[in-house]
Structures are given as C-alpha cells and as structure tokens.
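Trainee: Quick one: the structure is below, and I'll ask about it shortly.
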Amino acid sequence: MKRHIHLILFLFIVSLAACQKQSHILPLLQEAETLMGSQPDSSLCLLESVQSPEKLSTEEYATWCLLVTQARDKNYVEHTSDSVIEVAVRYFEKRKDPHRKAQAYYCQGRVLSDLDASEEALDAYLKAKEFVWQTTDNDLKARICNHLGTLYWDNQSDMESLACYKEAYQVYEQMQHVVGTVSALQKIGVCMRSLGQSDSAFFYLDKALKLAEQEHITTQLAYLYSSLGNLYEAQGDYEKALTCNKESLKFPEVENSISAWYYAIGSLYDKLQMPDSAWFYAKKALTSTDLYVKCSANQLLYDLSIERKAYEKACLYNECYLLLRDSIEDLYQPQKLKKIEALYNKERLINKQNQKMQEAHDVLNLLLMGFLCACLVSVCIYIVWEKRNREQKIKMEELQKQLQETSRRLVANQQDIQEKDALLDDIREQLNQNKKEYEEIIRDMGNDVSTMREHQNDLKEKIENDEKLLEILEVTLKEKELLLDKKISLLHERDKQLSSSLKENKKLEKEIISIKHEQEENRIHLELEEKSRNALNQELERLRLQREEQALREEDVINVLSQMCDMYKDWKNALIGQNPYLSKLIRKSRLYKFTSKDWDEFFLNFEAVFPGFADHLDERYSMDHRWLQICCLVKLGLKNSKISEIYDLKPDTITSLKADIKKAHFSEFGKQSLDNILKRWY
C-alpha cells in the first residue's frame, strides 16, 4: 500500500510541476537588467522576446513588468497605460526590498507623468524617494530628484523644484557624473531666473558652462548658451544675449534647434535697431521646416518690411503669417481631439482584448483542471484495479496452496491405503498358508492321534494368532474405509475450490474489460481537450498579434501628435513673447491689483494671442466673470502667487478657487489639474 501512496504523491507533484513555468526566464531577466544602463535598446528587445509573460510565476511576471517599463522609458517610448507597472507596484510594495520598491514607484511616476496624471505621479515619486534613501543606488536617487523637480516646475512650484534639483546636483557631484551635474546646474539656474534671482542664476549657469567646456560636453553647451542668452535678454542686455545665441549656432549636434536660434538672433537684432541683420537672420529662419518658427519669422519680416516702408512685401509676409497661424490652429485642434480619441479607443480596445484573453485563460485553466482530474481519476482507477488484482492473486495463491496441500494429503492417504492393502494381502496369504497347514494337520491327525495332541497346543496358538490377524484385518478395513471417505471429501473440496477460482477469474476478466473501456474513453476525452487547447492557443496568438499591430499603429499616431503638441506649445510661447504687454506681465517679479482698466487692456492683448478662448469658455459654460479671468490667467501660464497679487488675495485662496472651477465645469477630466486642462485641451 505504501508503494501506491508514493506513486500517487509522485504523479500529483508531476501534475503540479506541469502547471509551473520553467526557471529558464530568470537568466534572461538578469541579463536584461545588466544591459539596462549601457544598452537599453538590447534590454528592451530581450524583454519583448518573452512569449506570454503573464504565464510566468508571480515574482517573474512582476520583475518583467518592472524591467520592461524601465527599458521603454530609457528608449523614450511614450507610456500610454499604467496597467503593466501596476502589476510590479502591487507585488513589490508587499516585499521587504526597498530597492525594488523605489524602482517600481519611480517607474510608476514616469508612466503617470506621460499620462498627465500629475498628482498621482507626484505621490509615486515621493514614495520612490522615501525608499531610495534606504539604498546605495545613487543614480536612481538623482533621477528621482530630477524628475520630481521637473514635475514641480511643470506645476509652477518653483521653490520645491529648486530644492529637488539641488538634491540631484549633490548626488551627481558625489557620483562624479559630469553630464548629470551640468544638467542639474542648468536647471537650478533656470529656476533661479524664474524666481527673480538673476545673480544666482548667472552663477549656476556660468558654473555649468565652465564645467561643460572643460569636459567637452558639446550636447549641453548649445542649450547653456541659449539659457544665458534668455537671461541676458530678460535683463535687457541684448548685446550679450546676441553673443550667447550666436555661440549656440556653433554646435551641429543640435541641428533641429538652429532655425529657432536664427529667429531669436533676428529678433535681438531688431531690438538692437539693426534691421539689415535682423532681416538676414529672419530670412534664414524661413527655411525651417518648423511651422511655428516659420510663422514667427514671417511676423518679424512683416514688422521689418513696415519699417522699410516695403508695404507690398509686408502684405505678403503678413498673409503668409496669417495662413501659417490658421494652418497651425486648424492642424492642432483636430489632432488634439484625435489624440484624445485615439487614447480612448486604445484603452477600450486593450480592455476588450484583455477581457477576451482572460476568458480564454479561464477556459484553458478549466481544461487544464479537467485534464489533471482525468489524470488523477485514471491513477485512482489504476490503483484500485491493481489492488483488486493483487488481492485476487493472493486468493489464487492461497487456493493453489490449499490444492497442493489436498493433493499431498491424497497422495499420503493413497500410500497408506496401498500399505494397508499390502498388509491385507500378507494376512490373507498367511491365512491361506495356515489353512493349508490345518488341513495337513487334520489329515495327519487322522493317522496319528498322538501327533494331534502334540500339535493341539500349536493349533491353539495358531487359532489365537488367526483371531488376532482377523481383528487386525477388520481394523485395517475400517481404516481403509475412513481413508476412502476422507479422499472423497477432499476431492469434493478441491472441486469447490476450482469452481470458486473459475468464478473469480471470470469476474476479474469483466472488471479488466470495463477498466479498458474507461481508459479508452479517457484517452478520447484527452484528445478532444488537446484539440480545444490548441485552438485556444491559436486564438490567443492571433489576439496578441492583433494587439501588437494596433499598438504600433497607435504609437506612430501618438508620436506624431506629441510632436505637433510640442510645436504648438513653442509657437504659443513665441506668440506670447512677441506681445510686449503679456511678456512683460509674465516677466514681472511683483504685480499689483488690477483695476477694470487693467482688465480691459489685459483682455485686449490676451485676445490677440488666444483668439476666441474667453468667448468659447463663456459660451460653453456661462462662467462667472472672476472665474473666467482666472482661467485666462492660467492659460497665459501665470502662477498662483502672481494671480493672488492681481486679486490681492492669498495663494491658498487662488488654489481653492481653481479647485472650485474644476469641480463645477471640468469634472469630466478626472484627476488632471486645471492648469493642464486649460493648457492642453482648450
């Protein structure tokens, strides 16, 4: 029985092992993580080569989700869903590994940033920062602080952004990571400029510039010169601003930004009252393929043509400017709507495909459970059959032993009977011999009476002997009869045993036939399950390929739309910069409370840059006049601190008013901030 128990346990363990994935995926994950820093593209290829990662063990699948999100982020692949990184976060947040927790929360922050969920991204980065300080991964510390600073900067929290950039700078300097140090110094300088601390901004930008020149980091030099140029221009030192912008042209590594710098140089020449040079660089900016730069260059050429009194050219440039501006607005608005629709359709398609795949997985699991149950039933049937067969064999062996014992006793009884027969023959022969002797004696007695007397005693003795022999004969005959009766009973017993054995054999044959039928039915059932499983696997593969093709198509569309959004943002900033009133309003470090006259002047200039924006909000939402003013100020990019100065209120009050506006009119946008809603969707 122990042997059967061991067999059951062995088969059960094998069945469970069949459900588990082999550990060959672990070396691949380790290699992908090793390549993550130096060769992220190779790491992404390795991770995407894993077939059906959701079928891995829980730990391996969570690790795969974490690494593939890291690889996509390092390869600048825009994240469109947080479902993958959520798997890793849910798994590692329950583990006592602070490094994995920090990695998971950091990747979650990167994904949520791409999805414009600023508040959730901030929460994820803060959790990552909490755990990363329990590790020695300085590179991850710096990246978390860097992205936290960028998130605070986008949400107009300059002080928090500056603090995070300074932390990133300290870590990069400790690591002796020169490129990271230069980048952090540049961002600190930009934050200082935004806070109105020009001297500190010059200090950090100059320090970054010297370090970049010393280490020959050409990829950063062009942007550092451009940042210095913007700082000098904000201070009104157009000569130095022009020198810095011209220095930016010396670096071919940033070819995509040269046209924008041509326009910036032309604009500076215009401010320096050097129209010929301004005309030259504005004409060079016209060769740009960037619609926004081209539009701004046409506007600058229009202004220069008016100064030259070349009104025909001015009309042509103004016409080109208006056409480009209309084209950009027509191009941007539909593309923006298409992006929203594409993201919505993508999420809906992914959910639908995930639902189908989940249903298919449930069917597969059901079939697998049926297969395992069939295997276990077959094993149980085999064990029962084996047990009965073994018991039958034991019974047969016992019957065989009983038959052998009966045969042995029959042989012994036959030998006893033969011995008794031989004894009887001897007695009969002795009696016959005595009879003959008696007859001779009687004949002799007739002749000799005296001899008869002499033999009388002998005769008595012989008669006594004969009587004894007769008694022995009778006893022997009785024993023989008893032996014969016993032999007959043994023969009857053997016949019964043989008939019982035959019946058992027939019953066993019937059970064997029924078991064979059951095994045949199980085999047919397993074949049908195997066919169904193959069909489901083919359907799953088809769905996976369809989802990959859809993802590639949508990724291309989203990349194009993202580029267009960036172009629109640059163009919008350029338009604001060309409006003296609005650009001065943004640059001012301290504002005053607006009067009705100030509001009239503000809306006049605001409408020139954002035509129809205020009317659109008023028509659609019938918004309170103060709320409409706040929406326009937010659209312009003013921070809460400056808006509070315009209304002579506390910044917290402005924050509450913005929350009320969003709750009343923009609740359908979910968790997005009012700044992002007005900046992106209107």
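If you read the sequence shown in our numbering, its first letter stands for residue 161, the second for the next number, and so on. Where is the CB? At the ideal position from N, CA and C, for every residue including glycine.
State the DSSP-derived secondary structure class of Q575, mapped to helix, strand or coil.
Mentor: The answer is helix: DSSP assigns Q575 an H, G or I state.
Trainee: Fully enclosed by the region 192-279, which alpha helix (DSSP H) runs are 4 residues long or longer?
Mentor: Runs of the alpha helix (DSSP H) inside the region 192-279: 200-208, 218-234, 243-252, 258-274.
Trainee: Is S465 helix, strand or coil by DSSP?
Mentor: Here S465 sits in helix by DSSP.
Trainee: Quick check on the DSSP output: the alpha helix (DSSP H) that includes H776 runs from which residue to which?
Mentor: Run containing H776: 773-781, per the alpha helix (DSSP H) assignment.
Trainee: Hey, is the region 247-257 in contact with the region 216-225, meaning 3+ C-beta pairs nearer than 8 Å?
Mentor: Yes, the region 247-257 touches the region 216-225.
Trainee: Please classify Q493 as buried or exposed, where buried requires at least 16 other C-beta atoms within 10 Å of its C-beta.
Mentor: A caution first: Q493 carries a pLDDT of 43, below 50, which makes its placement in the model unreliable, though a value can still be read off. Looking at its Cβ environment, which holds fewer than 16 other Cβ atoms inside 10 Å, Q493 is exposed.
Trainee: Measuring alpha carbon to alpha carbon, tell me which of N298, D486, C540 ends up nearest C116.
Mentor: For the chain, the structure presents residues 161 to 842; residue 116 sits outside this window and is missing.
Trainee: Do V338 and E399 have their CB atoms nearer than 8 Å?
Mentor: Going by C-beta atoms, V338 is not nearer than 8 Å to E399.
Trainee: Consult DSSP for T379 and reduce its assignment to one of helix, strand or coil.
Mentor: Residue state, collapsed to three classes: helix.
Trainee: Buried or exposed: which applies to H825, given that a residue is buried once 16 or more other Cβ atoms fall within 10 Å of its Cβ?
Mentor: Buried.
Trainee: Output needed for G309: all residues of its chain with C-beta closer than 6 Å, excluding positions within five of it in sequence on either side, in chain order.
Mentor: Once the five neighbours on either side are set aside, the close Cβ partners of G309 are S321, C324, Y325.
Trainee: Using only the alpha-carbon positions, how far apart do F829 and S816 sit?
Mentor: Approximately 18 Å between the Cα atoms of the pair.
Trainee: Check each candidate in D430, L207, T229, L476 and name the one with the smallest Cα separation from D274.
Mentor: Of the candidates D430, L207, T229, L476, the one whose C-alpha sits nearest the C-alpha of D274 is T229.
Trainee: Can you tell me the Cβ-Cβ gap for I425 and L402, rounded? I've got them flagged as a contact below 8 Å.
Mentor: The pair is a contact, with the Cβ atoms about 6 Å apart (cut-off 8 Å).
Trainee: Note down, in chain order, each residue of its chain lying with its Cβ closer than 7 Å to the Cβ of D608, except the 5 sequence neighbours on either side.
Mentor: Residue confidence for D608 is low, a pLDDT of 47 falling below 50, so the modelled location carries little weight and cannot support an answer.
Trainee: Which residues in the same chain have their Cβ closer than 8 Å to the Cβ of Y385, if we skip the five residues on either side of it in sequence?
Mentor: Hits under 8 Å: L369, C404, N405, E407, S408.
Trainee: Going by C-alpha distance, which of A819, I821, K818, N800 is nearest P811?
Mentor: Taking only the C-alpha atoms, the option nearest P811 is N800.
Trainee: Nearest CA to the CA of S649: which residue from A582, A372, L563?
Mentor: Of A582, A372, L563, the residue nearest in Cα terms is L563.
Trainee: Going by C-alpha to C-alpha distance, which of S343, N739, D778, Y236 sits closest to S427?
Mentor: Of S343, N739, D778, Y236, the residue nearest in Cα terms is N739.
Trainee: Apart from the five residues on each side of it in sequence, which residues of its chain come closer than 7 Å, Cβ to Cβ, to E191?
Mentor: The residues are L206.
Trainee: Would A438 and Y422 be called neighbours here (beta carbons separated by less than 8 Å)?
Mentor: No, the pair does not count as a contact, with Cβ atoms beyond the cut-off.
Trainee: Taking Cβ positions, are G349 and A302 nearer each other than 8 Å?
Mentor: Not in contact: G349 and A302 (Cβ atoms no closer than 8 Å).
Trainee: I'd like to check one pair, I790 with K818: are the Cβ atoms closer than 8 Å?
Mentor: A contact, by the Cβ cut-off of 8 Å.
Trainee: Between the region 255-269 and the region 289-304, do three or more beta carbon pairs fall short of 8 Å?
Mentor: Yes: at least three Cβ pairs fall under 8 Å.
Trainee: Please name the residue, chosen from I304, R780, Y752, E767, that lies closest to D808 on a Cα-to-Cα basis.
Mentor: Nearest C-alpha to D808: Y752.
Trainee: Please classify I304 as buried or exposed, where buried requires at least 16 neighbouring CB atoms within 10 angstroms.
Mentor: Buried, because 16 or more other Cβ atoms sit within 10 Å of the Cβ of I304.
Trainee: So, is C533 buried or exposed, given that buried needs 16 or more other C-beta atoms within 10 angstroms?
Mentor: Exposed is the call here.
Trainee: To test your reading of the DSSP string, which unbroken alpha helix (DSSP H) runs of 4 or more residues are found completely within the region 359-411?
Mentor: If we require 4 residues or more, the alpha helix (DSSP H) runs fully inside the region 359-411 come out as 378-394, 398-408.
Trainee: Would DSSP call T449 helix, strand or coil?
Mentor: Coil at T449, not helix or strand.
Trainee: Who are the Cβ neighbours of K367 in its own chain at under 8 Å, not counting the five residues just before and after it?
Mentor: Around K367: L345.
Trainee: So, is I554 buried or exposed, given that buried needs 16 or more other C-beta atoms within 10 angstroms?
Mentor: When all chains shown are included, I554 counts as exposed.
Trainee: Using DSSP with H/G/I as helix, E/B as strand and the rest coil, what is N836?
Mentor: Reduced to three states, the DSSP call for N836 is helix.
Trainee: In angstroms with no decimal places, state the Cα-to-Cα distance between Q552 and E546.
Mentor: Straight-line Cα distance between these residues: approximately 10 Å.
Trainee: By Cβ distance, which residues of its chain are closer than 7 Å to K831, with the 5 residues on each side in sequence left out?
Mentor: So the qualifying residues of the chain are A277, E279, E280.
Trainee: Assign M352 to one of two classes, buried (16 or more other C-beta atoms within 10 Å of its C-beta) or exposed (fewer than that).
Mentor: Buried, since its Cβ has 16 or more Cβ neighbours within 10 Å.
Trainee: If you reduce the DSSP assignment to three classes, tell me which class F440 lands in.
Mentor: Helix.
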